[in-house]
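Q: Have a look at this one before I ask anything.
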Amino acid sequence: MEGEANGTLHPSCGASEPPYSRELLHSLDLAGIFLFAILTLMTLIANLVFVEEVVYIYRKIPSSKRSILIWINAAAPVIATASCIGMWIPRSTMFTDFTAAVFFAIVIHKFLLMMIKECGGQKLFLRRFENGHFKISTGPCCCCCLCLPGVRITRQTLLWLKLGTFQFAFFRPVLMFLSIVLWTNGNYSPYNLSLEGAAIWISCFIGILTIIALWPVVIMFQQVRAVLNCKKIIPKFALYQFILILSQLQAAVINILAMQRIIPCVPPLSSSARGAYMIQQLLIMEMFLITLISRVVYRRRYDDLEPPECTPEEGGDNKQTPKIILNGTVCQGGSLGV
743 MEGEANGTLH PSCGASEPPY SRELLHSLDL AGIFLFAILT LMTLIANLVF
793 VEEVVYIYRK IPSSKRSILI WINAAAPVIA TASCIGMWIP RSTMFTDFTA
843 AVFFAIVIHK FLLMMIKECG GQKLFLRRFE NGHFKISTGP CCCCCLCLPG
893 VRITRQTLLW LKLGTFQFAF FRPVLMFLSI VLWTNGNYSP YNLSLEGAAI
943 WISCFIGILT IIALWPVVIM FQQVRAVLNC KKIIPKFALY QFILILSQLQ
993 AAVINILAMQ RIIPCVPPLS SSARGAYMIQ QLLIMEMFLI TLISRVVYRR
1043 RYDDLEPPEC TPEEGGDNKQ TPKIILNGTV CQGGSLGV
C-alpha cells in the first residue's frame, strides 16, 4: 500500500502467482498468527464434529440412508478443510477450490436423492404423488415464467430431475480436470478472465450447468416440503442454500472485486491472491458454524421412536395428507419436532 501511494508498485502486487507458504508465514504479525491458529482450530473441530456425526449415523440411521446423509453432512467440513489448506499454502488455492467445487456438485445430486429417499424411495414417492404435478415455474431458471403449466409426476419426469443434478456431478469434475490440463500447458489461469483465456469460457459453461442442476432441487423441494416438514426438510434446505451461496456466490463477488483491484494489494499478497485469502478465511468460519448447526438439524432422537415413514393415505382425494406413525402415535398434517 505504501508503494502504491508513492507511485511505485511492489513486485508482489504485479505477480501472477500467489506467494509461497514461507513468504506468507514470515509476513504475519502476532494478530495474523493468532488468526491462523484460531481458523485452523475451527477446521479441526468441524472435522471432529463430522466424524462424531458419522459414528452416530452408522449406529442409528438405517443403512439405506447412511451414504446420502454422510455426503450431505460432509459438505461443510470438506469446504472448510480445503479452505484451510489453501490458507496455509496459497499456491494450492486452485486445486483446493476445485476439490471443494467437485464435492459440492456431488452433494447437490445427493440432496435431491435424499428428498426422494425421505419419502420412502422412488416407488412410494410416485405412489404418493401419482396424481400430482411438479411446479416448474421456480428459480433459478423459470421463476419469472408463472404461466408455465405443471408437469405430471411420473417415473420419466422423476428421471429427468435426477439427470438434471447428475449432469453437474459428472461434468464438473470433467471440466475441472480439463482446467488443470490446460493450466499445465499455460492456457488456463483462474485470474485471467479475458476472452482469449480459457477460464472465462469454462466458468460460463460451469455457471450454466450449475443453474440447470439447481432447478430440479428447487422443483423437488416445492413438491415435498409439506410432506417432509416432520423431517425438518426446510432447515435442511436452508443449510444447503447457505453453503451454495457462501461457497459460490460470495466467492465470485470477492474474486471480481479482487480482479478489479478494489481489494488492494498487501505484500506479499497481490489483489487476486488476497481476495482468495479472504474467501478462505470467511469460508472456514462460515462452514464451522454450518457444521455445528447441521449436527443439530440432521440428528434426531432414536431412543423411543422409530424413523418416521411417510405413507400415502388410503382411499383419499388427490390431495393427500402426510401420515406418520411413531410407536402407535399418529402425526397427520402437521410437523413433529424430533
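If you read the sequence shown in the numbering used here, its first letter stands for residue 743, the second for the next number, and so on.
Glycine is no exception: its CB is placed at the ideal position from the N, C-alpha and C atoms.
Just so you know, these numbers come straight off a predicted model, no measurement behind them.
1. Measuring straight from C-alpha to C-alpha, what distance separates Ser1036 and Arg897?
2. Applying the 10 Å Cβ sphere with the 16-neighbour rule, what's the burial state of Arg967?
3. Taking contact to mean at least 3 C-beta pairs separated by less than 8 Å, is the segment 1008-1022 in contact with the segment 988-998?
4. Reducing DSSP to helix, strand and coil, say where Glu759 ends up.
5. Give the secondary structure of Leu770 by DSSP, where H, G and I count as helix, E and B as strand, and everything else as coil.
6. By alpha-carbon positions, which one of Ser936, Ser931, Val923 ends up nearest to Pro760?
7. Spatial neighbours of Asn934 within its chain, please: C-beta separation below 6 Å, excluding the five flanking residues on both sides.
8. Pick out whichever of Leu1031, Pro804, Ile1004, Phe908 has its Cα sitting closest to the Cα of Val844.
9. Using a Cβ-Cβ cut-off of 7 Å (strictly less than) and excluding sequence neighbours within five positions of Gly1058, which residues of its own chain qualify?
10. With a 10 Å radius around its C-beta and 16 neighbouring C-beta atoms as the bar for buried, classify Thr926 as buried or exposed.
11. Using the three-state DSSP reduction, which class does Leu937 fall into: helix, strand or coil?
12. The alpha helix (DSSP H) that contains Ile878, what's its start and end?
13. For the segment 827-860, list the alpha helix (DSSP H) runs that are entirely contained and at least 4 residues long, ordered along the chain.
14. Between Ala847 and Met1029, is the Cβ-Cβ spacing less than 8 Å?
15. Which class does Arg894 belong to by DSSP, given the choice of helix, strand or coil?
16. What is the rounded straight-line gap between the Cα of Ser1013 and the Cα of Ala842?
17. Using a Cβ-Cβ cut-off of 6 Å (strictly less than) and excluding sequence neighbours within five positions of Trp902, which residues of its own chain qualify?
18. Given Thr829, which residues of its chain have a CB within under 6 Å of its CB, disregarding the five upstream and five downstream residues?
19. Looking at Ile787: is its Cβ nearer than 8 Å to the Cβ of Met856?
20. If you draw a straight line from the C-alpha of Ile878 to the C-alpha of Lys973, how long is it?
21. With a 10 Å radius around its C-beta and 16 neighbouring C-beta atoms as the bar for buried, classify Asn698 as buried or exposed.
22. Which residue wins for smallest C-alpha separation from Gln965, given the options Pro1006, Phe871, Tyr1040?
23. Rounded to a whole number of angstroms, what is the C-alpha to C-alpha distance between Phe867 and Leu1011?
24. From Asn1060 to Ala817, what distance separates their C-alpha atoms?
25. Can you say whether Asp771 is buried or exposed, counting buried as having 16 or more other CB atoms within 10 angstroms of its CB?
A: With the given structure in hand:
1. What you label residue 1036 is simply residue 294 of the sequence shown in a count that begins at 1. What you label residue 897 is simply residue 155 of the sequence shown in a count that begins at 1. Cα to Cα, Ser1036 sits roughly 31 Å from Arg897.
2. Here residue 967 refers to the residue found at position 225 of the sequence shown. It counts as exposed.
3. yes
4. Within the sequence shown, residue 759 is the residue found at index 17, counting from 1. It is coil, neither helix nor strand.
5. For the purposes of this step, residue 770 is taken as residue 28 along the sequence shown, with counting starting at 1. DSSP places Leu770 in coil when its eight states are reduced to three.
6. In the sequence shown, residue 760 corresponds to position 18, counting from 1. For Pro760, the nearest C-alpha among the options comes from Ser931.
7. By one-based count along the sequence shown, residue 934 stands at place 192. For Asn934, where only same-chain residues beyond five positions count, the Cβ hits under 6 Å are Ala941.
8. For the purposes of this step, residue 844 is taken as the residue at position 102 of the sequence shown. It is Phe908 whose Cα lies nearest to the Cα of Val844.
9. For the purposes of this step, residue 1058 is taken as the residue at position 316 of the sequence shown. Only weak support is given to the placement of Gly1058: the predicted model assigns it a pLDDT of 40, under 50, and the value that follows is read from those uncertain coordinates. Here the set comprises nothing.
10. By 1-based counting over the sequence shown, the position of residue 926 is 184. Exposed, because fewer than 16 other Cβ atoms sit within 10 Å of the Cβ of Thr926.
11. Counted from its first residue, the sequence shown places residue 937 at position 195. The answer is coil: DSSP assigns Leu937 none of H, G, I, E or B.
12. The residue given as residue 878 occupies position 136 in the sequence shown. Note, Ile878: premise wrong, no alpha helix (DSSP H); not H, not E.
13. 835-860
14. Looking up residue 847 in the sequence shown gives position 105. Looking up residue 1029 in the sequence shown gives position 287. The answer is no: Cβ separation not under 8 Å.
15. Taking the sequence shown and counting its residues from 1, one reaches residue 894 at position 152. Reduced to three states, the DSSP call for Arg894 is strand.
16. In the sequence shown, counting from the first residue as 1, residue 1013 sits at position 271. In the sequence shown, counting from the first residue as 1, residue 842 sits at position 100. Approximately 22 Å, taken between the alpha carbons.
17. By one-based count along the sequence shown, residue 902 stands at place 160. Result list for Trp902: empty, nothing under 6 Å.
18. Position 87 of the sequence shown holds residue 829. Reading the sequence as shown, one finds Met at residue 829 and not Thr. Cβ within range, chain order: Gln1022.
19. Taking the first residue of the sequence shown as 1, we reach residue 787 at position 45. Taking the first residue of the sequence shown as 1, we reach residue 856 at position 114. Not a contact, by the Cβ cut-off of 8 Å.
20. Reading the sequence shown from its first residue, position 136 is the one you call residue 878. Reading the sequence shown from its first residue, position 231 is the one you call residue 973. Answer to the nearest angstrom: the Cα atoms are 24 Å apart.
21. Outside the shown range of the chain, which is 743 to 1080, sits residue 698, and nothing can be said about it.
22. Indexing the sequence shown from 1 puts residue 965 at position 223. Measuring from the Cα of Gln965, the nearest candidate turns out to be Phe871.
23. By one-based count along the sequence shown, residue 867 stands at place 125. By one-based count along the sequence shown, residue 1011 stands at place 269. Spanning the two alpha carbons is a distance of roughly 52 Å.
24. Taking the first residue of the sequence shown as 1, we reach residue 1060 at position 318. Taking the first residue of the sequence shown as 1, we reach residue 817 at position 75. Note that Asn1060 scores a pLDDT of 42, beneath 50, so its modelled location is shaky and nothing firm can be said.
25. For this step, residue 771 is matched to residue 29 along the sequence shown. Result: exposed.
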